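Enquirer: Number 137 in my numbering belongs to position 130 of the sequence shown; there are no gaps in the numbering. Let me begin by handing over the structure; questions about it come next.
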Amino acid sequence: MILLNPHKHERKYKDDRSREIMLKTIEFFENKGLKQIKKDWHEKKWNYDFVEFLKENKIFATLMTPSGYGAPDSRWDTYRNCEFSEITAFYGITYWYTWQVSMLGLCPVWNGSNEEVKHKTAKLLQEGGVFAFGLSEKEHGADIYSSDMMLYPNPDGSYRANGDKYYIGNGNEAALVSTFGKMADTGDYVFFTVDSKHEKYECVRNVVNEQNYVAEYALHDYPITEADITERGPKAWDDMLNTINVCKFNLGWGAIGLCTHALYESIDHAANRNVYGKFVTDFPHVKRLFMDAYCKLVAMKLFAERASDYMRAAGPDDRRYLLYNPMVKMKVTREGEEVMNLLHDIIAAKGFENEPFFEIAKHELPMLPKLEGTVHVNMALIVKFMANYFFNPKAYPEVPRRDDLVNDEFLFRQGPTKGLGKIQFHDYNIAYNSVDLPNVNIFKEQIGLFKEFLVKAGPDKGQSVDIDYLLALGEILTLVAYGQLIIESRKFIPVEDDLLEEIFDFMVRDFSKYALTIHMKPSNNDQQKELSLKIVRTPIPNPARFEKTFNEHVYALKGAYKMKDQNF
8 MILLNPHKHE RKYKDDRSRE IMLKTIEFFE NKGLKQIKKD WHEKKWNYDF
58 VEFLKENKIF ATLMTPSGYG APDSRWDTYR NCEFSEITAF YGITYWYTWQ
108 VSMLGLCPVW NGSNEEVKHK TAKLLQEGGV FAFGLSEKEH GADIYSSDMM
158 LYPNPDGSYR ANGDKYYIGN GNEAALVSTF GKMADTGDYV FFTVDSKHEK
208 YECVRNVVNE QNYVAEYALH DYPITEADIT ERGPKAWDDM LNTINVCKFN
258 LGWGAIGLCT HALYESIDHA ANRNVYGKFV TDFPHVKRLF MDAYCKLVAM
308 KLFAERASDY MRAAGPDDRR YLLYNPMVKM KVTREGEEVM NLLHDIIAAK
358 GFENEPFFEI AKHELPMLPK LEGTVHVNMA LIVKFMANYF FNPKAYPEVP
408 RRDDLVNDEF LFRQGPTKGL GKIQFHDYNI AYNSVDLPNV NIFKEQIGLF
458 KEFLVKAGPD KGQSVDIDYL LALGEILTLV AYGQLIIESR KFIPVEDDLL
508 EEIFDFMVRD FSKYALTIHM KPSNNDQQKE LSLKIVRTPI PNPARFEKTF
558 NEHVYALKGA YKMKDQNF
C-alpha cells in the first residue's frame, strides 16, 4: 500500500531503532485519541504532552543528531525523517510543526563551524529540548537581506544582542534559538544561539490564533560570547539559505500526512451515506472527485519519496536536489490544497463539523504553501533550471533507493548558494521513454510542444524579466519534473499501469491548464499565442480502467482506518 495506514504500518526500515520510533509515535497518538486531539486543538493547547513523549524516548536526539555527536544510532537520515514528518502531520500540524521548526533551529548549528555549540546542542537534544529558528522580522517579512537584529561588540571581546524576531515557531519553549542578525560594527551577517528562558530574552506573544506557538521575541542586551556564535560573514548567509534548503522539504510531507488522514475520513463518510436512494460513492461526479483526490495524493507521495533519494545522493557534483527539493515544498503542498478542496466538495458540510479530523486538515493545510518561502519565491528559484533541464542534460549514474543507514552529511556542507543556472540534470526522456501508455504518451507530446514553444517563441527581453510570465512557464517545468520522478519511483514502489494512467489523466489536464494560462498572457505575440494553444490536449478516457482503479484503490479504503474513539 502506497499511503500511510497507522494500523498497518508497512514501511521498511533497515534498523530496529527507526521502526521503534515510528511505531511508538503512532502508538502515542492512537492512545491519545481523536477526541483529545480535537479538544487540545480547539482549546489551542500547545503540545506539551507530545514534547514530553519525545523527551522520554529521545526521539529528536536520534533523528536530528548527526553521526559523531550523539548515540551510536543517531544520524541525520532523510529517509526516516520523511516518514516521521508524515506520521506527525497525519495527526495534526501542531505536532509536525514542533518537529519542523526544531529542525530549522538545529541546522545552523550543524552547518556552522563552532564545535562547542555543536556538543552543547547534542546534549540539549539528549535532554529532550526543542529548538527554534530566529530569521524573519516583523518589519521586513520575507526580505531576509534586511535585519534589525544586531550584535554590538563590548570592550572585553563579548557582545550584546538587541533586536526582535517575528513568526518564530517554538519561540516559547526552545532550549536553543538559532538567531540570524548582523554585526553592528561591520554589517556582516552572523548566526548566534540564545536560550528562550534567559532573563534577557522576552517572549512577547504568540502572533497567531492557533494551537501552534509562533512567537514574537525580543533580545534586550542579551549577553553573547564567541562560544555562542555559530558562523559569521558570507558563510552565515549561506548557512541560513542551506538550512531552508533542507527543512522546506518537510512541508510536502506535512501535506501528505494531513491529506491521507482526511481521505480516510472522507471515504468512510461518503461510502456509508445514502441519499436519494444511492450511496454517495455511487454518483459519477463523486467518483471523479475521489479519483482525482486519490491520484493527486499518491502522486504527491511518489514524487516526494523519489525526491528524497536525490537529496540523500547529493554532493558537490550532483546538486539536482535543488530543483526537486523546492518542488516538494511548493508543488506537493499546493497539490495538497487541491486534494483537500476535492474532498471537501464531496463531504460538504461534514467538513465543518467539530468532531472529525477533517476540520483540522482543511484549516491547516493552506498554511504549508505559504511557509519557508512563498510559492512565488520557490517558483522563481525553479525557473533558473529551465534551460539546462530541457536542453542540456548530463549523464549521471542512476540514483538507487536511498534507504541505507548513513548520515546525510553533505546537507551540512552544501557550500555557497550560487551557480544554480549551471546545475545540469539527467535526461528526463529516460524515465518517460520507459513507459508506453496512452495518457503518458499524450503528456510526452505536450512536453515536445512546450519545447517547440520555448525554441520558436520563447519569452522576449521584456517577458524574461516579467516574473508573472516566468512563473507561468515554471508551472510546466515543475509538472514535467513531477511526472519524471513519479515514473522513476515505480522501480521501488509498486504502481500498476492502470493507476499510472489515471495519474497522468490529471497531469495531461494540468498541462493543458498551464498552457492556457500562458496563452492568455497579455504580452504574447501571435506566434506565442498559436504555439501555446497547440499544447492543449485532452486525456484518453477509459471507463473500464477508471472503474477498476476506483474500486481497487479508492473504494477499497472504506473502513481501512479510523481512530479508536471515532464514532461519527
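Positions of the beta carbon are idealized from the N, C-alpha and C atoms, including for glycine. Treat the numbers as computed from the prediction; the structure is a model and nothing was measured.
1) Can you give the Cα-Cα distance for aspartate 310 and isoleucine 231, rounded to whole angstroms?
2) Assuming contact is defined by CB atoms lying nearer than 7 Å, are aspartate 182 and leucine 131 in contact in what I supplied?
3) Below 8 Å on the Cβ atoms is my contact criterion, and I expect alanine 438 with glutamate 508 to pass it. Report the Cβ-Cβ distance as a whole number of Å.
4) When you compare only the Cα positions, how much space is there between lysine 51 and glutamate 27?
5) Should lysine 429 go down as buried or exposed, given a rule of 16 or more other Cβ atoms within 10 Å for buried?
6) Is the segment 194–210 touching the segment 232–239 in the sense that three or more CB pairs, one from each, lie closer than 8 Å?
7) My output table needs one value for tyrosine 489: the three-state DSSP class, helix, strand or coil.
8) What three-state label does DSSP hand phenylalanine 67 in the structure shown?
9) Look up alanine 181 in the DSSP assignment and say whether it is helix, strand or coil.
10) Sorted by chain position, which residues of the same chain lie with C-beta nearer than 6 Å to tryptophan 117's C-beta, five sequence neighbours on each side aside?
11) What first and last residue would you give for the beta strand (DSSP E) that runs through asparagine 169?
12) Output the boundary residues of the beta strand (DSSP E) element that contains alanine 222.
13) Please report the residue range of the alpha helix (DSSP H) in which isoleucine 236 lies.
14) Less than 7 Å between the beta carbons of glycine 188 and cysteine 210, yes or no?
15) Lysine 242: buried (16+ other C-beta within 10 angstroms of its C-beta) or exposed?
16) So, using beta-carbon positions, are arginine 23 and leucine 412 closer together than 7 Å?
17) For phenylalanine 518, does the count of other Cβ atoms within 10 angstroms reach 16, so buried, or fall short, so exposed?
18) Would you give the residue range spanned by the beta strand (DSSP E) that arginine 212 belongs to?
19) Does the distance from the CB of alanine 225 to the CB of aspartate 171 come in under 7 Å?
20) Which residues share a DSSP beta bridge with glutamate 144?
21) For phenylalanine 91, report the span of its alpha helix (DSSP H) as first-last.
22) Within the same chain, show all residues whose beta-carbon is closer than 6 Å to that of lysine 451, passing over the 5 residues directly before and after it, in chain order.
23) In the DSSP assignment, find the alpha helix (DSSP H) that holds tyrosine 271 and state where it starts and stops.
24) Would you decide whether glutamine 534 is buried or exposed? Buried here means 16 or more other CB atoms lie within 10 Å of its CB.
25) Identify, in the order they occur along the chain, each residue of the same chain with its Cβ nearer than 8 Å to the Cβ of alanine 394, setting aside the five sequence neighbours on each side.
26) With DSSP as the reference, label tyrosine 568 as helix, strand or coil.
27) Nearest by alpha-carbon distance to threonine 267: which of Met527, Ser92, Pro501 and Asn446 is it?
28) What is the DSSP secondary structure of proline 160, counted as helix, strand or coil?
29) When DSSP labels each residue in this structure, what does threonine 586 get in the three-state scheme?
30) Measuring only the C-alpha atoms, how far is tyrosine 489 from lysine 204?
31) Look at the alpha carbon of valine 462 and the alpha carbon of glutamate 344, and state the distance between them as a whole number of angstroms.
32) Return helix, strand or coil for valine 282, following the three-state DSSP convention.
33) Tell me whether threonine 85 is buried or exposed, calling it buried when 16 or more other Cβ atoms sit within 10 Å of its Cβ.
34) Output needed for valine 390: all residues of its chain with C-beta closer than 6 Å, excluding positions within five of it in sequence on either side, in chain order.
35) Leaving aside the five residues before and after histidine 433 along the sequence, list all residues of the same chain whose C-beta is less than 8 Å from its C-beta, in chain order.
36) Suppose contacts are defined by Cβ-Cβ distances below 7 Å. Is isoleucine 449 in contact with alanine 306 by that definition?
Expert: In brief:
1) What sits at residue 310 in the sequence shown is phenylalanine, not aspartate. Using only the alpha carbons, I get a separation of about 43 Å.
2) Before going on, a small fix: residue 182 reads as alanine here, not aspartate. Yes. Within cutoff.
3) Alanine 438 to glutamate 508, Cβ: 16 Å. No contact.
4) 29 Å
5) exposed
6) yes
7) helix
8) helix
9) coil
10) Pro73 and Phe419
11) 166–176
12) 221–231
13) No alpha helix (DSSP H) holds isoleucine 236; the beta strand (DSSP E) holding it covers 236–239.
14) no
15) buried
16) A small fix is needed here, since residue 23 is aspartate in this sequence, not arginine. No. Outside cutoff.
17) buried
18) 208–213
19) yes
20) Gly148
21) 85–97
22) Tyr439
23) 256–278
24) exposed
25) Gly428
26) coil
27) Ser92
28) strand
29) Nothing about residue 586 can be read from this structure; the chain reaches only from 8 to 575.
30) 44 Å
31) 33 Å
32) strand
33) buried
34) Leu477 and Gly481
35) Arg327, Pro400, Lys401, Ala402 and Tyr403
36) no
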